[in-house]
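In the numbering used here, the protein residues as written are 46 to 311.
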């Protein structure tokens, strides 16, 4: 299954200082990034909240950053501000390169995201048969791949999106980056009271919708929808939720809203 990822921006960064620059800006270990794989990285502000969640890919001396298009202006502005006099060129390739999401197929030159999914960067769609983009979203949800858009930017620390688990998106020994002290403190001194979980329900769900748990003291802020897709009459989605109440009755946006069903794999 191959889909076109129309709603994603793509930046190419190159120059002699690019690797060290990204190592000091992003949450994962850029120095350990190999070609042929997608590395998840949180681009955080100083309080540890995620501005954007980047898919980073390496090709020779070039680094490609893929993320939702509605965050492009913010990400470019932040990168430009912090690179200062470094030898780093930032080029917007969003209109030059087509991004493809590949599920359960081999695609020459694709970057592996996980055992089921990969991302391909191509210049033409010649010979490519495209499938429904919702199938890619469904695979991301099934594989617990979070997303951060303009609607949810600066609402999550990496732990809320499970990026610390197996260090899939955060490396705790790599050194400093914006927000690193906050993220590390939560990791070493505390335990995240909220985590990302998978849910489904009847009807429509939107990014940034809130989860309400009757027994929670924080009620209205019990969780936030991170990623969603509607297949037929049902919506499948990832959302943050208070771990202590994750198996309680949970509704969408208010106490009388749509009731949600938690999906547990294995």
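All C-beta atoms in this analysis are idealised placements derived from N, C-alpha and C, irrespective of residue type, glycine included.
- Within the region 163-250, the complete alpha helix (DSSP H) segments at least 4 residues long are 178-187, 225-234, listed from N- to C-terminus.
- For residue 127, the enclosing alpha helix (DSSP H) covers residues 117-128.
- Here residue 288 has 238, 239, 240 as same chain residues with Cβ atoms under 7 Å from its own Cβ, once five neighbours each way along the sequence are excluded.
- Residue 46 and residue 117 have their C-alpha atoms some 27 Å from each other.
- Take residue 204, set aside five residues on each side of it, and the residues of its chain with a beta-carbon closer than 6 Å to its own are 231, 237, in chain order.
- Residue environment: residue 306 is assigned as exposed (fewer than 16 neighbouring CB atoms within 10 Å of its CB, all protein chains considered).
- The bridge partners DSSP lists for residue 306 are 245.
- Rounded to the nearest angstrom, the gap between the Cα atoms of residue 165 and residue 300 is 42 Å.
- The shortest CA-to-CA distance from residue 106 to any of 93, 126, 60 is the one to 60.
- In the three-state reduction of the DSSP assignment, residue 152 falls in the coil class.
- Note on geometry: alpha-carbon atoms of residue 91 and residue 222 lie some 9 Å from one another.
- By the Cβ test, the region 173-186 is in contact with the region 266-286, since at least three Cβ pairs between them sit closer than 8 Å.
- Put simply, the backbone Cα of residue 227 is about 14 Å away from that of residue 71.
- Of the residues assessed, residue 233 falls on the exposed side of the cut-off, its CB having fewer than 16 other CB atoms within 10 angstroms.
- Here residue 259 is near residue 294, since their CB atoms are less than 8 Å apart.
- With 16 or more other Cβ atoms inside 10 Å of its own Cβ, residue 73 counts as buried.
- Residue 55 and residue 144 do touch by the CB rule: their CB atoms are close to 6 Å apart, below 8 Å.
- Using a Cβ distance threshold of 8 Å, residue 86 and residue 214 count as a contacting pair.
- Residue 112 is bridged by DSSP to 54.
- Under the DSSP assignment, residue 283 falls in the beta strand (DSSP E) whose first and last residues are 279-287.
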